[in-house]
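Protein chains: 2
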Amino acid sequence: MRESGSEPMERKIKNLKYVFEPKSIAVIGATKTPSKVGNVLLKNFIEGKFDGKIYPVNPKYDEIMGLKCYSDVLKIKGKVESAVIATPAKTVPSILEQCGKKGIKGVIVLSGGFAESGNTELEEKLKSTAKKYNIALIGPNCLGVINPYSRLDSIFFPVFKLQRPKPGSISFVTQSGAVGSCIVDLAAYYGVGISKFISYGNASVLDESDIIDYLSNDDSTESIIVYIEGTKDGKKFMETLEKVNKIKPIVVLKAGRSEKSSKAAFSHTGNIAGNYLAYSSAFKQTKVIEAKDVEELFDYVKIFNQPLPRGKKIGIITDGGGLGVLTTDAIEETGLDIADLGEETEKKLKKILPAYANVGNPLDIIADADPELYKKSIDIFMDDPGVDLIIVIVLFQAPALDERLLDVLVEASDDRRKPIAVVAVGGDYTHMNRKILDTYGVPTFGSPRDAIKAIKKFTTYSLTSRCRKCIFR
Amino acid sequence: MRESGSEPMERKIKNLKYVFEPKSIAVIGATKTPSKVGNVLLKNFIEGKFDGKIYPVNPKYDEIMGLKCYSDVLKIKGKVESAVIATPAKTVPSILEQCGKKGIKGVIVLSGGFAESGNTELEEKLKSTAKKYNIALIGPNCLGVINPYSRLDSIFFPVFKLQRPKPGSISFVTQSGAVGSCIVDLAAYYGVGISKFISYGNASVLDESDIIDYLSNDDSTESIIVYIEGTKDGKKFMETLEKVNKIKPIVVLKAGRSEKSSKAAFSHTGNIAGNYLAYSSAFKQTKVIEAKDVEELFDYVKIFNQPLPRGKKIGIITDGGGLGVLTTDAIEETGLDIADLGEETEKKLKKILPAYANVGNPLDIIADADPELYKKSIDIFMDDPGVDLIIVIVLFQAPALDERLLDVLVEASDDRRKPIAVVAVGGDYTHMNRKILDTYGVPTFGSPRDAIKAIKKFTTYSLTSRCRKCIFR
Numbered sequence: 005m006r007e008s009g010s011e012p013m014e015r016k017i018k019n020l021k022y023v024f025e026p027k028s029i030a031v032i033g034a035t036k037t038p039s040k041v042g043n044v045l046l047k048n049f050i051e052g053k054f055d056g057k058i059y060p061v062n063p064k065y066d067e068i069m070g071l072k073c074y075s076d077v078l079k080i081k082g083k084v085e086s087a088v089i090a091t092p093a094k095t096v097p098s099i100l101e102q103c104g105k106k107g108i109k110g111v112i113v114l115s116g117g118f119a120e121s122g123n124t125e126l127e128e129k130l131k132s133t134a135k136k137y138n139i140a141l142i143g144p145n146c147l148g149v150i151n152p153y154s155r156l157d158s159i160f161f162p163v164f165k166l167q168r169p170k171p172g173s174i175s176f177v178t179q180s181g182a183v184g185s186c187i188v189d190l191a192a193y194y195g196v197g198i199s200k201f202i203s204y205g206n207a208s209v210l211d212e213s214d215i216i217d218y219l220s221n222d223d224s225t226e227s228i229i230v231y232i233e234g235t236k237d238g239k240k241f242m243e244t245l246e247k248v249n250k251i252k253p254i255v256v257l258k259a260g261r262s263e264k265s266s267k268a269a270f271s272h273t274g275n276i277a278g279n280y281l282a283y284s285s286a287f288k289q290t291k292v293i294e295a296k297d298v299e300e301l302f303d304y305v306k307i308f309n310q311p312l313p314r315g316k317k318i319g320i321i322t323d324g325g326g327l328g329v330l331t332t333d334a335i336e337e338t339g340l341d342i343a344d345l346g347e348e349t350e351k352k353l354k355k356i357l358p359a360y361a362n363v364g365n366p367l368d369i370i371a372d373a374d375p376e377l378y379k380k381s382i383d384i385f386m387d388d389p390g391v392d393l394i395i396v397i398v399l400f401q402a403p404a405l406d407e408r409l410l411d412v413l414v415e416a417s418d419d420r421r422k423p424i425a426v427v428a429v430g431g432d433y434t435h436m437n438r439k440i441l442d443t444y445g446v447p448t449f450g451s452p453r454d455a456i457k458a459i460k461k462f463t464t465y466s467l468t469s470r471c472r473k474c475i476f477r
Numbered sequence: 005m006r007e008s009g010s011e012p013m014e015r016k017i018k019n020l021k022y023v024f025e026p027k028s029i030a031v032i033g034a035t036k037t038p039s040k041v042g043n044v045l046l047k048n049f050i051e052g053k054f055d056g057k058i059y060p061v062n063p064k065y066d067e068i069m070g071l072k073c074y075s076d077v078l079k080i081k082g083k084v085e086s087a088v089i090a091t092p093a094k095t096v097p098s099i100l101e102q103c104g105k106k107g108i109k110g111v112i113v114l115s116g117g118f119a120e121s122g123n124t125e126l127e128e129k130l131k132s133t134a135k136k137y138n139i140a141l142i143g144p145n146c147l148g149v150i151n152p153y154s155r156l157d158s159i160f161f162p163v164f165k166l167q168r169p170k171p172g173s174i175s176f177v178t179q180s181g182a183v184g185s186c187i188v189d190l191a192a193y194y195g196v197g198i199s200k201f202i203s204y205g206n207a208s209v210l211d212e213s214d215i216i217d218y219l220s221n222d223d224s225t226e227s228i229i230v231y232i233e234g235t236k237d238g239k240k241f242m243e244t245l246e247k248v249n250k251i252k253p254i255v256v257l258k259a260g261r262s263e264k265s266s267k268a269a270f271s272h273t274g275n276i277a278g279n280y281l282a283y284s285s286a287f288k289q290t291k292v293i294e295a296k297d298v299e300e301l302f303d304y305v306k307i308f309n310q311p312l313p314r315g316k317k318i319g320i321i322t323d324g325g326g327l328g329v330l331t332t333d334a335i336e337e338t339g340l341d342i343a344d345l346g347e348e349t350e351k352k353l354k355k356i357l358p359a360y361a362n363v364g365n366p367l368d369i370i371a372d373a374d375p376e377l378y379k380k381s382i383d384i385f386m387d388d389p390g391v392d393l394i395i396v397i398v399l400f401q402a403p404a405l406d407e408r409l410l411d412v413l414v415e416a417s418d419d420r421r422k423p424i425a426v427v428a429v430g431g432d433y434t435h436m437n438r439k440i441l442d443t444y445g446v447p448t449f450g451s452p453r454d455a456i457k458a459i460k461k462f463t464t465y466s467l468t469s470r471c472r473k474c475i476f477r
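In structure tokens:
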């Protein structure tokens with residue numbers, strides 16, 4: 005089989021719709037043995053209320069979890085659009101052949117034991133079979149796919165250990181399954197909605213560029229996050245980033261940045277992580293945003309949900325003086341600016357603050373500030389043209405604060421005249437409140453420095469990018 | 005009143021024992037009005053099961069929360085060792101005079117509205133009265149004190165909003181009440197045990213140096229964390245740091261590091277934050293550890309709980325390849341070293357790992373690794389003289405892991421031949437497991453970069469300090 009031009013490849017990319025939105029799926033390798041991949045997988049499809057027909061496939065059983073089980077896909081009478089395969093590596097090529105014969109157009113191969121373990125021949129077989137039948141294949145050696153809109157979920161991790169995110173507008177593309185599982189879990193934890201999640205593993209048929217290409221035409225995807233260690237086709241990757249970043253903003257976390265970590269990446273995926281300097285300069289050139297760590301990725305995702313700031317002059321409102329000082333330190337150490345409050349603003353603030361409070365920036369509204377005082381102060385900052393972004397520091401521990409403050413903060417975030425960010429340092433109660441705010445799109449940070457790091461990237465993006473629309477919403 | 009030499013000051017410092025371990029305490033300003041400071045305060049004393057007699061004082065009531073209430077301290081028949089005052093600023097000097105007459109030797113003044121609001125005269129009155137009666141006075145304008153050993157707790161924040169830490173060996177001294185409340189909350193959240201917590205506010209009688217001096221002789225305090233914006237007596241502060249750091253390690257978070265943040269600090273405490281460069285070089289000279297943010301403070305506290313590493317060669321064990329790569333990136337970017345595994349080690353590892361796993365550092369023990377494989381891998385790293393510190397990366401989300409892994413990690417941490425650190429990225433389930441580990445003294449981090457930042461400080465301290473004993477335990 006030889007491809008004529010790139011037509012079959014384009015067809016395969018189009019066939020990804022069967023991977024993401026199949027009306028029917030075969031779960032090959034489904035099993036009754038608890039905690040095995042094929043068991044958790046089927047369970048998640050059933051309990052996750054997958055929006056389509058589920059066909060368990062395993063010659064050992066007639067029935068699993070109340071569903072009829074088939075010895076192979078060819079035995080299934082109805083049409084099958086997609087399959088997820090979780091059987092030992094050596095069995096996968098012949099199973100894929102059967103999928104092809106059955107007319108299945110989208111396949112996820114979860115199984116490991118291919119090129120990454122030295123079995124390149126086995127992987128070549130996979131490749132040629134997928135080509136033969138124009139199958140859009142994700143994997144092998146991956147976690148597969150989540151599409152919360154069609155309740156499709158091939159992640160074989162128990163839901164109680166790894167939470168699943170709600171539907172949203174961000175798509176995640178990851179080479180590493182481990183990092184991918186952390187990303188899914190954190191997205192759910194931070195209340196970040198996702199459009200698609202794709203762990204693509206060895207990328208033997210469709211690679212990161214093909215997937216990003218598909219997502220650029222995916223209606224529910226508004227921005228794309230990529231975790232990558234190395235690629236087989238650097239030129240294609242950079243061209244794809246350049247093309248797609250103009251339509252939908254992309255954040256990349258490139259791992260394997262040093263010689264030793266690049267070696268570690270190689271032993272893990274079989275891909276050469278490549279020269280980081282080349283990647284890094286390409287990122288700058290294509291203007292994609294670069295993150296250095298998974299936590300940082302989410303700090304960016306959260307702040308980019310806000311309207312872009314017009315400048316880098318920061319206004320700070322706090323009910324704890326010390327936290328205002330620490331935030332000022334972080335701002336000055338990062339090269340952002342502390343906004344000078346206008347005369348008008350100072351007059352207005354004097355009217356609403358108790359006599360013993362000092363008007364300034366940071367604005368210390370004192371530990372007994374109630375939600376109403378927060379609201380008034382935020383409104384005044386919103387009206388001051390000298391303030392580009394508002395940091396609201398909240399001591400959720402303070403006795404004078406209650407859930408009304410959450411309303412105030414959500415309202416301020418929904419105002420969308422200026423971006424806001426909330427800094428709240430503390431334990432269980434504070435975490436609970438932060439989670440509620442994150443879920444409503446109010447970006448919260450556990451320390452001044454985390455907030456400032458993200459805000460720095462945000463303002464830099466805003467001041468250097470031509471796209472003025474809000475980008476992660 | 006003039007002091008003859010420093011004798012009365014020493015007496016006052018000694019009298020701090022009445023602040024920390026009083027057999028009886030007057031709660032002045034106790035009230036029935038819910039959520040008022042004097043209400044939460046008394047409630048916390050009663051519900052916190054304070055280890056001594058509690059005397060509510062307020063002329064408005066005969067009884068509060070089932071306790072007899074006194075119109076003033078002089079009406080109390082029994083001996084009173086300590087008082088906590090939460091009444092309006094202008095009433096405090098005369099109340100303090102009564103405390104002096106009653107023979108009360110330790111007083112905490114929570115009330116604000118003194119020098120920090122321009123009422124310097126009022127604060128001077130406080131000062132002279134405390135001198136007259138040799139009262140060890142903490143405050144005013146502060147959160148006061150926690151001593152979990154005697155269940156003394158003057159923090160007027162509700163326990164459901166602000167958790168309280170268990171008894172332990174670390175003492176916290178803070179100028180800012182807001183930052184102090186975050187510290188207390190985070191200590192509880194991370195399972196860090198404390199010896200004493202002191203929010204000293206305006207430091208009108210006893211300042212940070214006096215308190216640190218007292219703690220250097222306090223048996224249950226093994227190390228001291230200080231948050232400071234500015235001091236009235238820089239020379240005394242530096243001399244105290246130098247003296248005490250030789251006996252008990254000190255970590256300092258100095259806020260107000262820039263001109264603007266120093267101004268913010270001034271408007272907040274009335275103290276000049278001073279030239280940061282002077283502080284910074286003094287910290288280097290006295291070899292105290294410097295942190296830049298509250299979160300960072302806890303990252304250090306956690307890792308310093310481990311035995312000091314002999315060098316900076318890091319061994320990494322992971323069940324997720326990508327996280328190993330990210331950790332390697334962070335290590336190389338920080339100037340730490342990836343350990344070269346010995347031949348012996350590689351041989352031993354080959355025996356225990358599945359055939360398809362690659363032996364190396366980072367050691368990828370693959371996503372289906374069980375607790376037993378973690379244990380064996382950690383043991384082998386412990387025996388390799390080329391490894392100075394072990395980072396264990398755990399995907400708690402992985403189906404093959406269960407609570408036995410917690411035992412393995414606690415055991416490895418208790419082994420104390422080498423320091424270990426756990427990196428676990430994820431949502432609720434991961435946070436739950438991290439919290440358990442933190443509570444048992446196993447330092448956990450939510451991202452590779454957070455871990456590496458703390459480890460860098462840890463190895464630097466170990467390689468430059470002469471003290472070889474474990475320091476935060």
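Those protein sequence lines, which keep their order, are chains A and B. Quick note: the first sequence uses our numbering, first residue 5, plus one each step. Quick note: the second sequence uses our numbering, first residue 5, plus one each step. All residues carry an ideal CB built from backbone N, CA and C; glycine is no exception.
Taking the CA atoms as reference points, B:A373 sits about 39 Å from B:I228.
Between A:A93 and chain B, the shortest Cβ-Cβ separation is not below 7 Å. Note on geometry: alpha-carbon atoms of A:S115 and B:I370 lie some 13 Å from one another. A distance below 7 Å between beta-carbons, with the five flanking residues on each side excluded, links B:G205 to the following residues of its chain, in chain order: G143, P144, N145, C146, G181.
Secondary structure remark: continuous alpha helix (DSSP H) runs of at least 4 residues inside the stretch 349-406 of chain A, in chain order: 375-387. Along the length of the stretch 6-85 of chain B, whole beta strand (DSSP E) runs at least 3 residues long occupy 28-32, 57-61, reported in chain order.
If the five residues before and after A:L71 are omitted, its C-beta is found closer than 7 Å to the C-beta atoms of I58, P60, all from its own chain and listed in chain order. Straight-line measurement puts the Cα of A:D214 at about 11 Å from the Cα of A:S208. For the stretch 154-166 of chain A, residues whose beta-carbon sits nearer than 8 Å to a beta-carbon of chain B comprise F160, F161, P162, F164, K165, L166. DSSP, read as helix, strand or coil, puts B:D214 in helix.
With its beta carbon at least 7 Å from every one in chain A, B:G319 lies outside the interface.
Note that the stretch 401-415 of chain A does not touch the stretch 170-181 of chain B; fewer than 3 beta-carbon pairs, one per stretch, sit closer than 8 Å. When Cβ-Cβ separations below 7 Å define contact, A:L327 makes contact with chain B.
Residue burial annotation: B:I335 is buried, with at least 16 other C-beta atoms found within 10 angstroms of its C-beta. Annotation: the continuous alpha helix (DSSP H) that includes B:I459 extends over 452-468. Contact between the stretch 154-168 of chain B and the stretch 115-129 of chain B is absent, with fewer than three C-beta pairs closer than 8 Å.
In this structure, A:G104 lies away from A:Y74, with their beta-carbon atoms at least 7 Å apart.
When 7 Å is used as the limit between beta carbons, B:E128 is near no residue of chain A, the shortest such separation being about 18 Å.
Short of 6 Å from the beta carbon of A:L330, and not among the five residues preceding or following it, lie these beta carbons of its own chain, in chain order: P452. Under the three-state reduction of DSSP, B:S227 is assigned to strand.
The residue from B:L340, B:L345, B:Y378 with its alpha-carbon nearest to that of B:I356 is B:Y378.
Here the alpha carbon of B:I318 sits roughly 21 Å from the alpha carbon of A:E233. Contact between the stretch 95-112 of chain B and the stretch 178-192 of chain B is absent: fewer than 3 CB-CB pairs across the two stretches fall below 8 Å. Segment contact: the stretch 426-446 of chain B against the stretch 393-401 of chain B, three or more CB-CB distances shorter than 8 Å; contact assigned.
Within the same chain, Cβ atoms closer than 6 Å to the Cβ of A:E101 are found at T133, the five residues on either side in sequence being excluded. Out of B:T244, B:I342, B:A425, the CA that lies nearest to the CA of A:E263 is found in B:I342. For B:V149, the uninterrupted beta strand (DSSP E) run begins and ends at 148-151, by DSSP. With fewer than 16 other CB atoms across the displayed protein chains lying within 10 angstroms of its CB, A:K83 is exposed. 7 Å or more divides the Cβ of B:L45 from the Cβ of B:V23.
Annotation for B:F161: no beta strand (DSSP E) segment contains it, and DSSP assigns it neither H nor E. C-alpha of B:V292 to C-alpha of B:P92: approximately 38 Å in a straight line.
Exclusion of the five residues before and after A:K27 leaves G56, E85 as the residues of its chain whose Cβ lies within less than 6 Å of its Cβ. Look at B:V391: its C-beta is not under 7 Å from any C-beta on chain A.
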